[in-house]
Amino acid sequence: MKMYGNLILAICVAGACLTTAIGLVATVGEFF
């Protein structure tokens with residue numbers, strides 16, 4: 867069960883990183 871929780875946590879972290887990266891690219895795209 868703990869391993870399953872860690873998997874969900876990893877997916878959430880990866881999703882958050884991806885969202886942040888997309889937002890960052892979009893923001894930089896506005897300037898350039």
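Residue numbers (the working numbering): 867 to 898.
C-beta atoms are modelled at their ideal positions from N, C-alpha and C, and glycine is treated no differently.
Straight across, the Cα-Cα distance linking I874 with G881 is about 10 angstroms. Distance between N872 and V894, taken at the CA atoms: about 33 angstroms. Collapsing the DSSP output to three states places F898 in coil.
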